[in-house]
Structure formats: C-alpha cells, structure tokens
Amino acid sequence: MAKDYYNLLGVGKNASKEDIKLAFRKLAHKYHPDKKDGDEAKFKEVNEAYQTLSDDKKRAQYDQFGSGYQNYAGAQQGGQGFGGFDYSGFQNGGAEFDFGNLNDIFSDFFGGGMGGGRPQARQGRDISTEMTITFTEALLGVEKRISINKVSNCDTCKSTGAKPGTKMNTCKKCNGQGQVREIKKSFLGSISSVRLCDECLGEGKIPEEKCETCKGAGVLKKDEEIKVIIPSGILSGETIRINAMGEAVKNGKTGDLYINIKIKKPGKLSKKAIELIEKLKEEGV
C-alpha cells in the first residue's frame, strides 16, 4: 500500500524544508526506540518519510510517482543500509545530505553531537554590571570595590562539597574516572558518547559527608566584594573584563565579570585634574 509521507509527518504538501525538519524532530523524539514509550516501526516510517521529503529531487519524484518512486525513477542506485536508511545522499554529487541537520538530531537524542570524544568541561555563567565614576576618576584612574551577589565557591569546604575533616570516596558510578561512556542504538547503528558523571560532576570522588554550608554543592549564592582597577583615560561606555570573577560552578571553570563604565558629567574639576589636563596639552596628547 502506498505511503503518505506528508501525512506521516503531519505536514501539508506545500510544507517548507524547515517545517518538515521540525515535524521529523518532534516525531523522532516521540517514537525513538530508546524511549520508554517508543515505537521502532513508527520511527522507521517517519525516518523514511523525512529522508524523502527533505531531499528536493526525491520529493519531486515522490510527488509524481508516490512512495514507489524508486521503481520508476531508478533512485535505488544509492543502496540501502542500517535497516532502510537511504545512503544515496552520500554519493558523489549528493550534496543534498545535510550533516548539520543530522548532528542536530544527535544533539537532541544524546546531549552531544556525533562522535565520542571527551565531554565538555563545565563552566560558570559570565555576569555583567555597571559602575559610575567621576570625570576625575576616569582621567586619573582609580581603584574601586564593588559588592556583587552571585554564585561563588564555598569558603567552608573550599569548593569540594565535603564537610571539613571528612574524606572523599571514589565515585562508584564512574569508578573514579569522572566520566561515563554510553552506547545507544539508533537508526544508524550503535552510537557511543562520553559525558561527565552526574554523580561526582567529573571529579571522580564524592564526599563521605556533605558540607553543611553549601549542602555538598561546592558553591552557593552570596555577596562578594571585588576589587576593580579603573585605568586612567577610560571612556564612558567602555567595558572592563575581570577573569574568573563571574559565577562559579563545582569542578569547572568560573565565568568572567564584565563591568560597563559610565562617567558622570564633569562639574568643577579638582586642581590635580586641571594640572594633568594642562600637562597633557603641553605634550600634545
């Protein structure tokens, strides 16, 4: 019986490539065999529909001949593999096959792209704030201190998450490796991926007793005073970046702090500022 690929994906015959891609993603998530309520047969059907309708040439042939278009248009030259996956797009000149789309699909399923390399290190969030200074301070430079409420490392446990004086035990989930390898079956076969261990967060060890201050998180939200050195000659609207003064994350890299400088309109200048301006004029600056 002829298959209605448009009906399988739930799109109209005038659907754009983007509409077809989004519809496939949604159904692939729903029917993927690795999911609790997955349906392998349905998954293969929507994959077959997507492989046809996402390819302009195949779609035109399908619109003309129906799901048996291969028999009429001689489109079987590419061959079949992995349970019906169409490899014709891999042939020379088959530029229609979109690796980017496929990698997007893998990202949705497995939390990462194709390949089984090292998991990406965790990183804290970059944060930004504003600071208003006087004209004289901008002219001469100044050292300031600001207080920011942000996620910072726990001072009690030194970011380990362990109660001071207690020991750290080897993580049983990753056997101290800090990462775990997963192998999942898909319509392309077995896919191997590596991710950080969610039990020890990549450290390979877990505290025997959790820190009472941060409850084992290693970080907590608090007010932190930060020293900011404003260079002389800074202009209004310029931004100062302070490395590793953003938000912290356990067993990861701390984000950066960005400070946008605003300068008050000058009133009466100080004697020191006036002398500096006169000196700069003399030097032709």
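Residue numbers (my numbering): 1063 to 1347.
The beta-carbon is built from N, C-alpha and C at its ideal position, and this holds for glycine as well.
Using a Cβ distance threshold of 8 Å, determine whether the segment 1108-1124 contacts the segment 1081-1095, with at least three qualifying pairs required. yes
Buried versus exposed call for Gln-1123 [16 or more other C-beta atoms within 10 Å across all chains shown]: buried
Starting from Glu-1192, trace the beta strand (DSSP E) in both directions and tell me its first and last residue. 1189-1195
What's the C-alpha gap between Gly-1308 and Glu-1199? 25 Å
Suppose contacts are defined by Cβ-Cβ distances below 8 Å. Is Glu-1205 in contact with Ile-1291 by that definition? yes
According to DSSP, is Gln-1241 part of a helix, a strand, or is it coil? strand
Cβ distance (whole Å) where Cys-1219 is taken to contact Cys-1276 below 8 Å: 6 Å
Whole-Å CB distance - Arg-1184 paired with Leu-1258, under 8 Å assumed: 7 Å
Rounded C-alpha distance that separates Glu-1274 from Glu-1080: 50 Å
Apart from the five residues just before and just after Glu-1102, which ones in its own chain have a Cβ nearer than 8 Å to its Cβ? Tyr-1093 and Pro-1095
Would you kindly work out how many angstroms separate the C-alpha atoms of Ile-1304 and Ala-1224, rounded to a whole number? 29 Å
Taking buried to mean at least 16 other C-beta atoms within 10 Å of its own C-beta, is Arg-1243 buried or exposed? exposed
DSSP three-state call for Leu-1338: helix, strand or coil? helix
Please state the DSSP three-state secondary structure of Asn-1211. strand
Beta-carbon gap between Asn-1231 and Glu-1270 smaller than 8 Å: yes
For Ser-1294 and Ser-1254, the rounded distance between their alpha carbons: 54 Å
Beta bridge counterpart(s) of Thr-1228 as assigned by DSSP: In DSSP, Thr-1228 forms no bridge with anything.
What's the gap between the Cα of Lys-1315 and the Cα of Lys-1212? 15 Å
Starting from Leu-1089 and walking both ways along the alpha helix (DSSP H), at which residues does that stretch end? 1079-1093
With DSSP run on the structure shown, which of helix, strand or coil describes Gly-1074? coil
By the DSSP assignment, the alpha helix (DSSP H) with Asn-1109 in it spans what residues? 1102-1115
Span of the beta strand (DSSP E), counted from its first residue to its last, around Arg-1303: 1301-1304
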